[in-house]
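A.B. asks: My structure is below; once you've seen it, I'll send some questions.
There are 2 protein chains.
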Amino acid sequence: MKREEADLTEAEMQKSGIAIPEPDVAEDLEDLALGDDYALNPEYVEMVIDAADRGDGERLRELVGALHPADVADLMGFLTADYREEVIPHLAPESLAEVISELEDNLREEVLEATPSATLARALEELDSDDAADVVDYLEDEKREQVLAAMDESDRAAIETSLSYAEETAGRLMQREVLAAPQFWTVGQTIDHIRSAGDELPELFFDIYVIDPSFKPVGAIPASTLLRAKRGANLVEIMEPVTEITTDMDQEEVAYIFDKYHLISAPVIDPGGRLVGQITVDDIVGVIQEESEEDILALAGVGDAGRDAGVLDAARSRLPWLVVNTITAALAASVIGAFQAEIGKLVTLAILMPVVASLGGNAGTQTLAVAVRALASRELNAANAVRIVMREMSVGLINGVALAAIMALAVFAVFHDGMLCLTIALALVINLFMASLAGILVPLALDRLGRDPAVSSSVFVTFVTDFMGFLSFLGLAAIILL
Amino acid sequence: MKREEADLTEAEMQKSGIAIPEPDVAEDLEDLALGDDYALNPEYVEMVIDAADRGDGERLRELVGALHPADVADLMGFLTADYREEVIPHLAPESLAEVISELEDNLREEVLEATPSATLARALEELDSDDAADVVDYLEDEKREQVLAAMDESDRAAIETSLSYAEETAGRLMQREVLAAPQFWTVGQTIDHIRSAGDELPELFFDIYVIDPSFKPVGAIPASTLLRAKRGANLVEIMEPVTEITTDMDQEEVAYIFDKYHLISAPVIDPGGRLVGQITVDDIVGVIQEESEEDILALAGVGDAGRDAGVLDAARSRLPWLVVNTITAALAASVIGAFQAEIGKLVTLAILMPVVASLGGNAGTQTLAVAVRALASRELNAANAVRIVMREMSVGLINGVALAAIMALAVFAVFHDGMLCLTIALALVINLFMASLAGILVPLALDRLGRDPAVSSSVFVTFVTDFMGFLSFLGLAAIILL
C-alpha cells in the first residue's frame, strides 16, 4: 500500500544499464508511520515523543525524514508545543517549506516564529508562488520584511504581486508559473520550447495555454493531447476552449466552476484579459474542503478557530453566537411569561410546551440544511425558488400532521384529555409549517441580500420555532382548554 | 469571461495556413445563458420555457445546443417534468450521455426512463467506464439488460466489471482506461507508443504508470515530465513514487489521500497488486462535495433525498429523525413532569427552564460540529483525543460561566430574586459543561464503534442537553428556592 521503489530484476538492470537504487532505510519506518486508513499511527507519534524525551536527534531526523511533508504537518498537530520545538530543527531544509504550507493556521504561526528569517527565505524559494505567498501572509510585519529582503528578486516580486490581491480571490489562489504558447506555433515548436526552457517553467503543468499577440488566452491544450499530437500540427487545430478566471473572482466561485466543468487547471486573466497565471485543481480541492468546513461550523454557530486553537481562542470563537442565542431565548421565554396565569392553572402545559418548540426547531434545522446546501451548489436560485418554497411548506405540513398524530396518541395515553391532544396537535402543525417556512425563507433572504446564508440563519430559524412553538401551544391552550 | 474561439488576425491565418473557423452562432446565446456567477440565468430558463410553449423545436435545439452539458443538467433541474420531456428529444445524441452523467439522481432516473435503450447504449459508449457504469447502475433491471445487450462487447465488459465492485469504493470510482508503460522503456519509446496507440488510450491522462513484468505499478510520471524529458532517458530514472489505491478502499478514504498528498491521479490495484485502473482528481472533487453535503445534512437529521425529490420523498427523508426526536423530547419532558409541584408553586421556573436547555443545546451543537469536522479530516484521533476532550470541557466551563454571569444579571433585572439568579447561573454552568462533554464524547464514541459520527450524534447530544438542562435547573430550584 505504500510508495515503492522500482523493483527491477538484475537482468533488466544490466540490459538497461540502470544504476541499482540505494536501499531505502526509511522504507520500514514509512510502513510503521501510517495506518491502513493513511492517518498517522498513534504509535508512531509515541516513537517521536520517546526519541525527543531521550534527546536522540538522529532518531528524530530518521523518524521525521521518513514522512511525507503532509504527514509531518499532521504529526505537528498531534504533538504539544514543547515537542514541536524539539522536532522542527530536525526537519530537512528542503521539506520545511512544504511542511509549513501544509500546517494549520495556528500551528503555522508558531512554527514560523521559531524559524530564522534566512532559513525561511531559502525554504520559500522552493515553493510555487501561490503557496509561498500564502506562508508569507502569516508572518509578522517585521519578519515578513526580513524574509522578503533575503529572497531572490524575482521570487520576492511574485510573492508581493500575489499578496496585492484580496484574500480568498483567484489572484491569491493562482500561481504565476504558467506555460503559454503563441497561437501560430506548431506542436513540435511547443515541445522543443518545453524541452529547452527548463527551470523557467512550472515544475508540473496540466494544460498549455495558447495565447494571442496581446497575451490573451484563446485556448488550452492538455499535456496528454500534446504528447499524442503530430509534431506538425498547429496548436490552434488541437486546442480546446478555455474557461477563464478573473483575478478578482471569489475562491468559492472558482471552486464552483472547477467542479461544474471538471477542470484540471484554468488560466487566470487580469482586467485587461491578459494571462497572468493559472489555478490548478489541487488548490481547489483545498478550497472545497475549507468552504464546506466553514459551512458546517457556521451552521452550528462556531466562528473561525482551528483545531489547534487554544482553549481561550476556542471559547471566544463560540461565545458570540451563544450570547445572541441568550437574547433570542429570552425573547421566546417572554412568550411563556405572558401565559403565566394559564400555566399556573394547568402545569401540564409547562411539560408539553418544550416538545412543540423542540420539534419545530429540528424541522427548521432540516429545511435550513437542505436550503444552505442547495444555495451553495447553485441548485436553488430565482428560477426555481417559488417551487422549492412551495415544496418545503408542503413537507412542513405533511410532517406536522404526522407528528401531530403521534403526539396526540402519546398525550392521550398519558393524560387522557382529548382537548389537550387537540391543542398539541394543532400547535405542532402550525409550528412545523412555520419552521419549514423560516427554514427556507431566511437563507433565501440572506442570500438575496448578498450575505452568507450559512452564517446567521440558524439564529433566526431557532428563534422563530421557539417563539412560535410557545405561542401556538400556549395560545391555543388559552382558547381551547381554559 | 466565456469560452472564446481562437481570435487570429487574417495575416496570421494566411501565414499559418489555418482554415478560418466557422462563425459560431451559439456564441451570443452562451453569453446570455450564464450569469456573472456562472449559474444559469433565470431569463434563459424562461426562454427555454417560451420556446417549449410555442412548440418551436428549432429554437429549443439552438438554446440547448449552446449550453455545456453541465449547464443542460442544471437547466433540467430548473424545469418541471413536463418541460423536461419537451427538451430531452432536442439534445444532440453525443451530449446526451454527458448530460445524463451530470444529472442529479432523481432527475437521472426520470430522463433514463424516457430515453430508448438503443439511444442510451450509443450514448454510454461515449463515456469513460466509470461514468458509464454510474449511469447503468440507475437503470431498472429490464432496461439495463437491453442497454448492455445493445453495447459493444468491450464496453459492456468494462461496465459489468465496474458494477461488480461495491458502491462508494475505489473500484466503482476508477476508470479502466489507463496508460501503463513497462519499466524498461525509454521516454522516446513511451511517446512513440502514445502517438501510435490512438483510441485505445484514455482520452485525457495526467500520469503514465510504470509497471513491472507482473503488472504492478512501481512509479508514475506526470505527462508534463514526459514532455520535458530527453527521449533517451529511462522511465525508471524520471519516475516518482506512487500512492496506490486498492479497489475495495472507501471513496471517502480515497478523497482523503488525494487531498492530503495533492494527487492528480492515482493507480488502482487489485488484491494481487496488479494495475487495474486509475482514479483522477475530477472524480474526487465530486466525492468531496458529496461527502461534505452528506455531513451537513446528516448533522441536521436529513436522510438521503436530493433537491429534486418530490414532496413525499422529501418529507419521508426527514420524518425518521423527527420521530426519534419526539421520543427524546418526551423523555426530557418527563423530567419537567417530575417537578410539576415545584412549577405549580413558582411558575417563573417554567419561563426560565427552556433558556437553560436551549443554550446547552447550542453549545453542544457547536462542539459537535467541531468534533465531526476534525474526525472527518483525521485531525482528531487516538493520539490527541484526551487533549481535545480536556479542551472542550474547559471551553464548556468558560462559556458556561460567561453565560451564567449574563443570565444572572438579566434575571435579577427582571425578577429581583438573588436566589433565582444563583439557581439559573449554576444550572447554566452545569449544562454547558455537560453539553461540551456530550458534544465531543458522543461523536468520538460513534467513530470508535465504526459508525459515521455525523449521522446520529445530534439526537444524543440534544437529548443530553435538554434532559440535563431541565434536571439541573429544576433540581437546583427545588433545593435552593423551595
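These protein sequence lines map, in sequence, to chains B and F. To convert, note that position 183 of the first sequence is 183 in the working numbering; the numbers rise steadily by one, no gaps. Residues are numbered in the working numbering as their position in the second sequence, beginning at 1, plus a constant of 1000. No residue lacks a Cβ here, since even glycine has one placed at the ideal position from N, Cα and C.
1) Is residue 1256 (chain F) near the ligand FAD, in the sense that its beta carbon is under 7 Å from a heavy atom of that ligand?
2) Nearest chain B C-beta to residue 1378 (chain F) closer than 8 Å, yes or no?
3) Under 8 Å between beta-carbons, which chain F residues line up against residue 333 (chain B)? List them in chain order, please.
4) Starting from residue 210 (chain B), follow its DSSP beta bridges and name the residues at the other end.
5) Output, in chain order, the set of chain B residues within a Cβ distance shorter than 7 Å of residue 1292 (chain F).
6) Thinking C-beta only, is residue 1420 (chain F) closer than 8 Å to residue 1481 (chain F)?
7) Closest to residue 1294 (chain F) by CA distance: which of F:1077, F:1445, F:1472, F:1453 is it?
8) Could you check where the alpha helix (DSSP H) with residue 1303 (chain F) kicks off and where it finishes?
9) Pull out every residue of the region 408-429 of chain B whose Cβ sits closer than 9 Å to any Cβ of chain F, in chain order.
10) Hey, would you say residue 1342 (chain F) sits closer than 8 Å to residue 1349 (chain F), going by beta carbons?
11) Using Cβ-Cβ distances below 7 Å, what residues of the region 392-405 of chain B are close to chain F?
12) For the region 180-206 of chain B, list every residue whose C-beta sits within 7 Å of some C-beta in chain F, in sequence order.
13) Would you call the region 316-329 of chain B and the region 1393-1406 of chain F in contact, with 3 or more CB pairs under 8 Å?
14) Can you have a look at residue 1472 (chain F) and say buried or exposed, based on whether 16 or more other CB atoms are within 10 angstroms of its CB?
15) Can you tell me whether residue 224 (chain B) is buried or exposed, with buried defined as 16 or more other CB within 10 angstroms of its CB?
16) So if I threshold CB-CB distances at 7 Å, which residues from the region 41-61 of chain B count as touching chain F?
17) Name, please, each residue of chain F whose Cβ falls closer than 7 Å to the Cβ of residue 222 (chain B).
18) Are the region 368-380 of chain B and the region 433-449 of chain B touching by the rule of at least three beta carbon pairs closer than 8 Å?
19) Taking 8 Å as the threshold (C-beta atoms), are residue 1100 (chain F) and residue 1136 (chain F) in contact?
20) What is the DSSP secondary structure of residue 1342 (chain F), reduced to helix, strand or coil?
21) Given that a residue counts as buried once 16 or more other Cβ atoms are within 10 Å of its Cβ, and exposed if not, what is residue 230 (chain B)?
22) Can you list, in chain order, the residues of the region 93-125 of chain B whose Cβ is nearer than 9 Å to any Cβ on chain F?
23) Within this structure, are the beta carbons of residue 282 (chain B) and residue 1068 (chain F) separated by less than 8 Å?
24) Using alpha carbons as the reference points, say which of F:1411, F:1345, F:1370, F:1250 lies closest to residue 329 (chain B).
25) Taking the straight line between their C-alpha atoms, what separation do you get for residue 1333 (chain F) and residue 447 (chain B)?
26) Using only alpha-carbon positions, find the residue among F:1128, F:1246, F:1290, F:1170 that is nearest to residue 1156 (chain F).
27) Are the C-beta atoms of residue 1530 (chain F) and some chain B residue less than 8 Å apart?
28) What separation, rounded to the nearest whole angstrom, lies between the Cα atoms of residue 1243 (chain F) and residue 1251 (chain F)?
29) Is the region 143-151 of chain B touching the region 170-179 of chain B, taking contact as three or more C-beta pairs under 8 Å?
30) For chain B, is any of its Cβ atoms less than 8 Å away from the one on residue 1467 (chain F)?
31) Measure the Cβ-Cβ separation of residue 1112 (chain F) and residue 1071 (chain F) and say whether it is below 8 Å.
32) At what residues does the alpha helix (DSSP H) containing residue 1173 (chain F) begin and finish?
33) Classify residue 213 (chain B) as buried or exposed, calling it buried when 16 or more other Cβ atoms lie within 10 Å of its own Cβ.
34) Which residues in the same chain as residue 1022 (chain F) place their Cβ atom closer than 6 Å to its Cβ, once the five residues preceding and following it in sequence are excluded?
35) With a CB to CB cut of under 7 Å and the five nearest residues on each side skipped, what residues in its chain are close to residue 1169 (chain F)?
36) Taking a contact to mean a Cβ-Cβ separation below 8 Å, would you say residue 190 (chain B) touches residue 232 (chain B) in this structure?
C.D. replies: Taking the structure as given:
1) With respect to the ligand FAD, the structure offers nothing, as it holds no ligand at all.
2) yes
3) 1351, 1352, 1354, 1355
4) B:181, B:219
5) 292
6) yes
7) F:1453
8) Neither: residue 1303 (chain F) is in no alpha helix (DSSP H) and is coded neither H nor E.
9) 410, 414
10) yes
11) 394, 395, 398, 399, 402, 403
12) 183, 184, 191, 194, 195, 204, 205, 206
13) yes
14) buried
15) buried
16) 42, 45
17) 1204
18) yes
19) no
20) helix
21) exposed
22) 102, 104
23) no
24) F:1411
25) 37 Å
26) F:1128
27) Residue 1530 (chain F) falls outside the range modelled here, since chain F spans only 1001 to 1482, and no answer is possible.
28) 15 Å
29) no
30) no
31) no
32) 1170-1173
33) exposed
34) Note on residue 1022 (chain F): pLDDT 43, under 50, position unreliable in the model; no value is reported.
35) 1247, 1248, 1249, 1250, 1251
36) no
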